[in-house]
Every structure is written in structure tokens, then in C-alpha cells.
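Let me begin by presenting the structure, written as C-alpha cells, before commenting on it.
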Amino acid sequence: MQLSSYQLGEFYDELFLADGSFRPAATTLLDRVATLSIEQLQHHQQMAQLALLKMGVTFNHYADNQSTEKILPFDIIPRILPIGEWKWLEQGLKQRIEALNLFLADIYGDQKIIKDAVVPAELIFSAPGFLKPCMGLQPPRQIWCHITGTDLVRDKDGKWYVLEDNLRCPSGVSYVIENRRVMKSTFPQLFESTPILPVEDYPSHLLSTLMHLAPESLLSPTVVVLTPGIYNSAYFEHSFLAQQMGVQLVECRDLKVANGYVQMRTTKGFQKVDVIYRRIDDEFIDPQAFRSDSLLGVPGLMEVYRAGRVAIANALGTGVADDKAVYAYMPQIIKYYLDEEQIIPNVPTYLCSESNQQQYVLEHLEKLVVKATGESGGYGMLIGPQSTALERSEFADRIRANPRNYIAQPTLCLSRVPTLFNDGLAGRHVDLRPYILHGQEIYVNPGGLTRVALNDGSLVVNSSQGGGTKDTWVVQ
Amino acid sequence: MLSRVADSIYWLNRYIERAENIARFVEVNLNLLIDCNVVVEQQWEPLVITTGDAEMFRDRYSTPSAENVVRFLTYDETYSNSIISCLSAARNNAKSVRDAISSEMWEQVNSFYFMVKDSSPDGSLPELPDFFAAVRTASHQFAGVMDATMSHNEGWHFGQLGRLIERADKTARILDVKYFLLMPDGLGTALDELQWIALLKSTSGYEMYRKAFHQINPRDVARFLVFDREFPRSIYSCLLRAEKSLYCISGNGGTWSNSAERTMGKLRSQLDYMSIEEAISLGLHEFLDETQSRLNFISQGISETFFTLEY
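Line by line, the protein sequences are chains A and B.
For the first sequence, the working numbering begins at 1 and goes up steadily by one.
For the second sequence, the working numbering begins at 1001 and goes up steadily by one.
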């Protein structure tokens, strides 16, 4: 296939240099792609998608009260990161997780960072993710954020930014592993000739991270993955991870608090559970502690947790640290706990709760991206340059009504990766979500999930809104 | 293992087996119709009766025409025992225990479900004989894949229990309905003989029966389908193996220790010493009816013992 017709546009391309030549790390791949016809590439793509469907690598999509099961569209042209750049990102992510973990311990402990006036008290206490019942909690080994997915983006000039942290139940890592599996069968020769860092050992690292939380006296602690059930949009991932780790996948109805412990109902009676990797949001995990109206959850779990008789990953209450308004303080948070400068920069962020910043936001809505601080998944967002006057005025009203709930950032021109369509390759915007585990040490799975906005010109990569995924190769 | 997981593997297997049996009933009836041009209505109603859901059928359809009955039993998503509903339930069960079964099993259930679903994209009836043969084959493949890829552990035994109890129940039902209709006062017409052959075929037992008894006669057909030790679809053979699985689960040495084992042992030992003559003198219909309720008790016993215990 002719690669010379590929349009770079005014963007940073992850595989091509600005003059249209191949980036060194992408040369082997692009040389191979050039030898294939577009029909062959499309055939590979279809086979890959079929393999994913057959394996049931699907997510549940809810629209108009109807649930449909879909595979996340998968594109076979990978995103490539040279090892040097990756090492730098890895270091930046480790720094960030270390600081976030100290921040969480402090917020639910002595709150020194508030007393020292580095972060305003009001900002913390008004965060929906701040959970009062977690005050004074001493999670095992003082680890709060065991599993994090941090979203990174690259701007037009090639500069990396952290877009947001996901510290509650970040999902997507199963796609990293399954996409890789499919890619290996699609381009086996490339994997032989290119040194690509492996991602398949993530479940082993996850299991060690979880085992690390059990009391040392236990020879074989019982670890479980807690899922809301088969109708959850990420159910595939929950069962996949449980299977890969060889631990039980449990639902809330399998668990019961009895005799001061969390126990699961088995065919041979009740059995104590030591570590729970929960994929349920904080508020729904224990109706006694959080939402009494919730039918989900394990009544009494929080009490057992507080007494140190069960470990939960991630800890409850971590949502306060991925609040989009708290995010704006990350440079100060890192400086405060580690006495270091932030390695990967934040996107400049305007807090609508500060009146002078709100003023600026309201005057420049057509240039900014406005986000609701407590939302995720690309919901509750205004992308200024792609919005209508009506949408902007509606958002302005919402901001004035509840300024704490909104932040704004300049619209970044996300980098692109060539993506396969019927008429050939076209550039599409991407982000990157690496997965970071905080166990005995901090481990970053090499690469991460590259999400791609498949619609022409779109900057929204979320699966619920026309996003797909690509494999991510860290090439040595 | 988790009670919920055991429960799901049990029902996963029951639903697959149920779908297979429905396919068998319909398939054999279709063949029978091709063999002899009798009045169509008479031939399709017994099929609905076999399922035990005749009332539900009457609520939904006016006449037991071939099309209505086939639609009811295959694609009616509002009927919980139609093939499509069984597959959908089986798939949901499989999905909820994907971490406990092998990937191959999941893939088999998944493609089985899509095979059924995609066979009638517009709701029209498919090329029937091919379709039912495909359902039967897919079910066999599932059982084979399960046998060959899943450890024969506790979960596997729960799966066996589900499959065997469902199979025993369906064999009892189909025999009951046919016996009731044919009233065994000797072999009358050629049509009757064809009916008995059809009955044997619907349990895949025709060839094996011929090897054992040669001549077709109602008493031996009943003997074969109820008491044969070796034919894998006979009620007795299902019970022998189901009981073995039950003791593998509990680890007991053969003395009952819970209601599942007690009810299972009771029915199995009754069949141990009973003869077809005794069953017929009791009234075969009464006997088969009783067997079906006993199978239900066993299923309840399994549920109470393993799936729904309280602290």
C-alpha cells in the first residue's frame, strides 16, 4: 500500500515525522504495512475483530434502555512508543502515584496538606469523592491506590500531559492484554523481528499487589475480584482478571459479613475472604456505611475493613484524589510530599470555583474544554471549538449555578496515529492510559491502552462515544 | 467453590441439554411427518404436551399447527423453555462463571447462542432439519469440550448433575407422552411401529435399542428407556452417573449425608430393583409422573444443600 498519500495535517503523528518519513521506532512496522494491500489489511482487521468477538471481549453499551453487547472497535495499526520516551513517562507516573498515595493517607489522616494551606480545605470537603466514613482508616501497608489508570495525551508540539487520574476502578487493562494477543496472531513476524516490551504479565503483578495486602501470617490468603455482575459494562474484564489470576470472581450476593469477617458462600459452607479487588464504586459497596437506598453491596463490609480484617483494593475514598478540581493542585501536591518537580506536566486548568478563573472560562468557552469534576467516561463535557452557541450558553448557566462542579482546560490538539478505513489510512486522535500498580513497589505496565477517536476530527476517545482501541508497542 | 458458581454451571448444563432435547423432539416429529401423511394437528400437539407447558402455548397461539409449535419451541423469546431462551440463559450462566469454566466452553456456548440467534434474523423459520441437527451437534460439542477441557473437579460434577437430571427428566417426559397416546395393547398398525421408532430416534436410542432387543415392542422400548444400564439417555443410567457425581462433590463414601444424596439414592435404588412389568402394573404414566416429581425433589435437594445455604 502506498503510504505516501497519508495526510499528516497540522498534527503530531505518532508514527510519522513531520516531513512524512517514518519515525525510527515505527520503521519496521511501516515497512511491513507498505508491503500489504489495503484488502489484506482489512482482512487482517476483520479477522482480529472476529477473534475478539469470539473470545467475548465485549462491553455492554446502554442506550435507549436497551443493552447491546459490542466489541470495542479495534484497529490493527499499533501506536508505537520508543523506549527512551517510555522510561521517562514511567518515571513520571511512578512519581505521581507515590504522591497521590501519600496525599490520600494524609487527607484521611492528619490533613497536614490542608493545615499547611497547600490545598484549600473547602476544595477537599466539597469533593464528591471525599468519603467521611474513611477518616482515620489505616489500610494495610498504608497503600490506598493499588491500581491506577492515568490518562496521558500528547499535544500538537509533541509535549506530553497528564489529562486525569483514575483511582477508583479504572478499566481497560484486559483490552491491553487481549489486543496484544490478537496482534501477535495478526503480525507474528513483526513480533519476532521487533523487540516489543511484553504486557502479558500484568495479571501476575496484579496478584502480587493484592497478595501483598494480606496478613503475612496467612500462608494462602483468599483473594477475590468483586464485580457488580454480568450486566456491568466492564464485566468481561472482571472475569478475565479473575481467571488470569486464578482467583474467585464474586458478586455482592456471594459475600456476607459474619463473625467479624467477610465470608463467601461456597458449596462447602462459608469461607473467609482476605483481600477484595473491588470493581464496584465506593458508594455501592456497603449500604450500611454509604447509601442505605442501595440494593447492591455487602452490609457491614466497611466495619470489617475498618477493623483491618479484610483488605480492599483500591481503598475506599480514593475518589477524592482523582477529582478534576483536586487534579489542578497536582504540581503542589507532588512538591509538598516528595519535594520534587512534577515530571509529566498537568494540562493548565481553570477552576470555576475561583471567581477570577471562572470569569476567564466564561469569556473563552469557545476555546476551552469544560469538564464536570465528578464525572468520567467523557460525559458532562463541553468541547468549546466543536460546540454550538446554544450549548455554550447552557454550560455557562451550569457553571454559574455550581462552579465547584466545573473545571476548564485549553483544547489540546491530540496527537494522531494512522488508522485503517475503507479507503486507506487516515490520522485519528489518540490518548494513552497506562496502568500502574502499587504493591511492594510501583510497577507500570509497559505501554497501556491507546484509545482512538474513530470519527474524523473527533477528540473524544471514550468507548461510549465512538472510540476504539489500538495495541501500544513500547519498542526497544 | 462458590455456591453461585456451582448453581450457574449446573443450570448452564441443564439449559444446553434442554435445548438439545427440544431439537430432538421437533426433528423426529418432522421426520415422522415425512414418513406418513397423517393429520398434521394430531402430530404437533403432543410435542407441546411433552414440554409440560401446553397452557403457555395456548395463551400465545390459536392452533397447534406445525408452524406455531415450531416457532413456540424454537424462537419464542417470551417462552422461557424455547431453544433461543435456553441458549440465552445458558450463555448468561456461562458468562457469570467464565472464570470457573474453560475458555473453550465459553466460546462453544457463545457461538452456539449466535448460531441459533442468527439462523433466523428476520424471525422466519429456518431450514428446519438442518437447524435442529445443528443444535444437537452443538450441544454434543459443548459436552465434549467440557469433558475434554475442564478439570473434572467439583464444578464439572455440578455440570454433570445438571445435564443428567435434565436428560432423565426429558426421557421420562417423552416416553410418558408417547405411551399415553399409543396405549400399549400390542403392536397394532405400521403407523404405531413408526411412532415407536420415532420415539427411539428422538432419544438417539434407535440403533442401540435394535442391538439390544431387535424387535420393536412398546414394553421393551419402555424397558430400554427407563432401565437400561448402558444407554446414556436412559433414566436409570442418568441416575447412576448423577449419583456418582453427587458423591464426588460431597466426598462421602456412599452413605447419604444431605437431602440431595438422600432423594437421589432413593430414586436410584428404586430403579435398581424394579422391573418394567412392575412399572406397567403400577401404571406407566403414574410411574413416569412420579419419577419426574422425584427428579424435581432431587433438584430442590441440590439447591438447598449447595446453592442457598444460610449462615
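Yeah, the Cβ is synthetic: ideal placement off N, Cα and C, and Gly gets one too.
Computed from a predicted model, the values in this text were never measured in an experiment.
> Does the beta-carbon of aspartate 976 (chain B) have 16 or more other beta-carbons within 10 angstroms, so that it is buried, or is it exposed?
Replying inline: The structure shown does not extend to residue 976 (chain B), since chain B is modelled only from 1001 to 1311, so the question has no answer here.
>> Measuring straight from C-alpha to C-alpha, what distance separates valine 1271 (chain B) and valine 1226 (chain B)?
In response: Against the second sequence, residue 1271 (chain B) aligns to sequence position 271. Against the second sequence, residue 1226 (chain B) aligns to sequence position 226. Correcting the residue identity first, residue 1271 (chain B) is leucine in this sequence and not valine. Taking the straight line from one Cα to the other gives about 8 angstroms.
> Who are the Cβ neighbours of tyrosine 1206 (chain B) in its own chain at under 7 angstroms, not counting the five residues just before and after it?
Replying inline: Here the question's residue 1206 (chain B) lines up with position 206 in the second sequence. Only Ile1197 and Leu1200 meet the Cβ criterion.
>> So that I know if they touch, is there some Cβ in chain B lying closer than 9 angstroms to that of asparagine 65 (chain A)?
In response: Working through the first sequence from its first residue, we reach residue 65 (chain A) at position 65. Unreliable positioning characterises asparagine 65 (chain A) in this predicted model, as indicated by a pLDDT of 48, which lies under 50. The coordinate reading is nonetheless provided below. No, asparagine 65 (chain A) does not count as interfacial toward chain B.
> Which bits of chain B does lysine 54 (chain A) rub up against, with CB to CB less than 9 angstroms?
Replying inline: Stepping through the first sequence from its first residue, residue 54 (chain A) is reached at position 54. Correct list: Glu1107, Asn1110 and Ser1111.
> Hey, out of A:Pro73, A:Met1, A:Gly56 and A:Thr28, whose CA is closest to glutamine 40 (chain A)'s CA?
Replying inline: Position 40 of the first sequence holds residue 40 (chain A). Taking only the C-alpha atoms, the option nearest glutamine 40 (chain A) is A:Met1.
>> Give me the DSSP bridge partner(s) of lysine 470 (chain A).
In response: Sequence index remark: in the first sequence, residue 470 (chain A) carries index 470 (1-based). Looking at the DSSP assignment, lysine 470 (chain A) forms a beta bridge with A:Asp75 and A:Thr450.
> In angstroms, rounded to a whole number, what distance separates the CA positions of arginine 1004 (chain B) and methionine 264 (chain A)?
Replying inline: On the second sequence, position 4 is the one that residue 1004 (chain B) refers to. On the first sequence, position 264 is the one that residue 264 (chain A) refers to. Straight-line Cα distance between these residues: approximately 10 angstroms.
> Got a sec? Which residues, its chain only, sit under 7 angstroms from arginine 309 (chain A) by beta carbon, not counting five neighbours each side?
Replying inline: Taking the first sequence and counting its residues from 1, one reaches residue 309 (chain A) at position 309. Gly260 and Tyr261.
> Taking Cβ positions, are alanine 408 (chain A) and valine 370 (chain A) nearer each other than 9 angstroms?
Replying inline: Numbered from 1 along the first sequence, position 408 holds the residue referred to as residue 408 (chain A). Numbered from 1 along the first sequence, position 370 holds the residue referred to as residue 370 (chain A). Result yes, Cβ atoms of alanine 408 (chain A) and valine 370 (chain A) sit closer than 9 angstroms.
>> 9 angstroms is my cut-off, CB to CB: does phenylalanine 478 (chain A) come that close to chain B?
In response: For residue 478 (chain A) there is no data in the structure shown, the boundaries of chain A being 1 and 476.
> Excluding sequence positions up to five away, which residues of its chain have a Cβ less than 6 angstroms from the Cβ of arginine 291 (chain A)?
Replying inline: On the first sequence, position 291 is the one that residue 291 (chain A) refers to. Cβ within range, chain order: Glu283.
> Does glutamate 251 (chain A) have its Cβ less than 9 angstroms from a Cβ in chain B?
Replying inline: As a first step, residue 251 (chain A) must be located in the first sequence, where it is residue number 251. By this cut-off, glutamate 251 (chain A) is an interface position.
> Leaving out the 5 sequence neighbours to the left and right, which residues in its chain are closer than 6 angstroms to glycine 269 (chain A) when beta-carbon positions are compared?
Replying inline: Position 269 of the first sequence, counting from 1, holds the residue named residue 269 (chain A). There are no such residues.
> At a Cβ cut of 7 angstroms, what residues of the segment 1073-1100 of chain B count as close to chain A, listed as they run along the chain?
Replying inline: Asn1092, Lys1095, Ser1096, Arg1098 and Asp1099
> Which of helix, strand or coil does DSSP assign to threonine 222 (chain A)?
Replying inline: As a first step, residue 222 (chain A) must be located in the first sequence, where it is residue number 222. Three-state DSSP puts threonine 222 (chain A) in coil, outside helix and strand.
>> Do alanine 51 (chain A) and valine 182 (chain A) count as a contact pair if the criterion is CB distance below 9 angstroms?
In response: Locating residue 182 (chain A) in the first sequence gives position 182, where the first residue counts as 1. Locating residue 51 (chain A) in the first sequence gives position 51, where the first residue counts as 1. Their beta carbons are under 9 angstroms apart, which means valine 182 (chain A) touches alanine 51 (chain A) by this criterion.
>> Within 10 Å of its beta-carbon, does threonine 1291 (chain B) have 16 or more other beta-carbons around it, so buried, or fewer, so exposed?
In response: By one-based count along the second sequence, residue 1291 (chain B) stands at place 291. Buried, by the Cβ-count rule.
>> Run through chain C and tell me which residues come within less than 8 angstroms of lysine 112 (chain A), C-beta to C-beta.
In response: The question asks about chain C, but that chain is absent: this structure's protein chains are A and B.
>> Counting only Cβ pairs nearer than 8 angstroms, list the residues of chain A close to arginine 1268 (chain B).
In response: As a working note, residue 1268 (chain B) is residue 268 in the second sequence. Under the 8 angstroms cutoff, chain A gives no residues; its nearest Cβ is about 21 angstroms from arginine 1268 (chain B).
> Considering only the beta carbon of each residue, do valine 273 (chain A) and proline 299 (chain A) sit closer than 9 angstroms?
Replying inline: Here residue 273 (chain A) corresponds to residue number 273 of the first sequence, with the count starting at 1. Here residue 299 (chain A) corresponds to residue number 299 of the first sequence, with the count starting at 1. No; because the gap between Cβ atoms is not below 9 angstroms, this pair is not in contact.
> If you draw a straight line from the alpha carbon of glutamine 1141 (chain B) to that of glutamine 1108 (chain B), how long is it in whole angstroms?
Replying inline: Here residue 1141 (chain B) is taken as the residue at index 141 of the second sequence, counted from 1. Here residue 1108 (chain B) is taken as the residue at index 108 of the second sequence, counted from 1. The alpha-carbon atoms of glutamine 1141 (chain B) and glutamine 1108 (chain B) are separated by roughly 8 angstroms.
>> Going by C-alpha to C-alpha distance, which of A:Thr194, A:Val347 and A:Phe16 sits closest to tyrosine 161 (chain A)?
In response: Here residue 161 (chain A) refers to the residue found at position 161 of the first sequence. Nearest option by C-alpha distance: A:Val347.
>> Spatial neighbours of isoleucine 1298 (chain B) within its chain, please: C-beta separation below 6 angstroms, excluding the five flanking residues on both sides.
In response: In the second sequence, residue 1298 (chain B) corresponds to position 298, counting from 1. Thr1263 and Met1264.
>> By alpha-carbon positions, which one of B:Pro1046, B:Leu1032, B:Leu1002 and B:Gly1162 ends up nearest to glutamine 1195 (chain B)?
In response: In the second sequence, residue 1195 (chain B) corresponds to position 195, counting from 1. When each option's Cα is compared against that of glutamine 1195 (chain B), the closest is B:Leu1032.
> Looking at the C-beta of tyrosine 235 (chain A), does it have a partner C-beta in chain B at a distance below 9 angstroms?
Replying inline: The residue labelled residue 235 (chain A) in the question sits at position 235 within the first sequence. Taking Cβ atoms only, chain B reaches closer than 9 angstroms to tyrosine 235 (chain A), which makes this a yes.
>> Quick check on tyrosine 350 (chain A): does DSSP put it in helix, strand or coil?
In response: Here the question's residue 350 (chain A) lines up with position 350 in the first sequence. Strand.
> What number of angstroms, rounded off, separates the C-alpha of serine 1111 (chain B) from the C-alpha of glutamate 354 (chain A)?
Replying inline: On the second sequence, position 111 is the one that residue 1111 (chain B) refers to. On the first sequence, position 354 is the one that residue 354 (chain A) refers to. Whole-angstrom Cα-Cα distance: 56 angstroms.
> If you follow the beta strand (DSSP E) that proline 410 (chain A) is part of, which residue opens it and which one closes it?
Replying inline: Along the first sequence, read from residue 1 onward, the residue named residue 410 (chain A) stands at position 410. Unbroken beta strand (DSSP E) run through proline 410 (chain A): 406-410.
> Excluding the five sequence neighbours on either side, which residues of its own chain have a C-beta within less than 7 angstroms of the C-beta of phenylalanine 1231 (chain B), listed in chain order?
Replying inline: Indexing the second sequence from 1 puts residue 1231 (chain B) at position 231. Correct list, in chain order: Gly1205, Met1208, Phe1224 and Ser1237.
> DSSP state of lysine 70 (chain A), grouped into three classes?
Replying inline: By one-based count along the first sequence, residue 70 (chain A) stands at place 70. Three-state DSSP puts lysine 70 (chain A) in a strand.
>> For the segment 153-167 of chain A against the segment 189-203 of chain A, do three or more pairs of beta-carbon atoms, one drawn from each stretch, fall closer than 8 angstroms, so that the two count as touching?
In response: no
>> Residues of chain A with CB closer than 8 angstroms to the CB of leucine 1002 (chain B), please, in chain order.
In response: The residue you call residue 1002 (chain B) lines up with position 2 of the second sequence. Result: Gln248, Val250, Asp254, Met264, Arg265, Thr266 and Thr267.
>> Could you compute how far the alpha carbon of aspartate 78 (chain A) sits from the alpha carbon of tryptophan 473 (chain A)?
In response: In the first sequence, the residue the question calls residue 78 (chain A) occupies position 78. In the first sequence, the residue the question calls residue 473 (chain A) occupies position 473. Note that residue 78 (chain A) is proline in the sequence shown, not aspartate. Each residue's alpha carbon lies about 7 angstroms from the other.
> So, is the C-beta of tyrosine 1061 (chain B) closer than 9 angstroms to a C-beta in chain A?
Replying inline: Reading the second sequence from its first residue, position 61 is the one you call residue 1061 (chain B). No - not a single Cβ of chain A is within 9 angstroms of the one on tyrosine 1061 (chain B).
> Taking the alpha-carbon positions, what's the arginine 1229 (chain B) to lysine 1178 (chain B) distance?
Replying inline: The residue given as residue 1229 (chain B) occupies position 229 in the second sequence. The residue given as residue 1178 (chain B) occupies position 178 in the second sequence. So the alpha carbons of these two residues sit roughly 22 angstroms apart.
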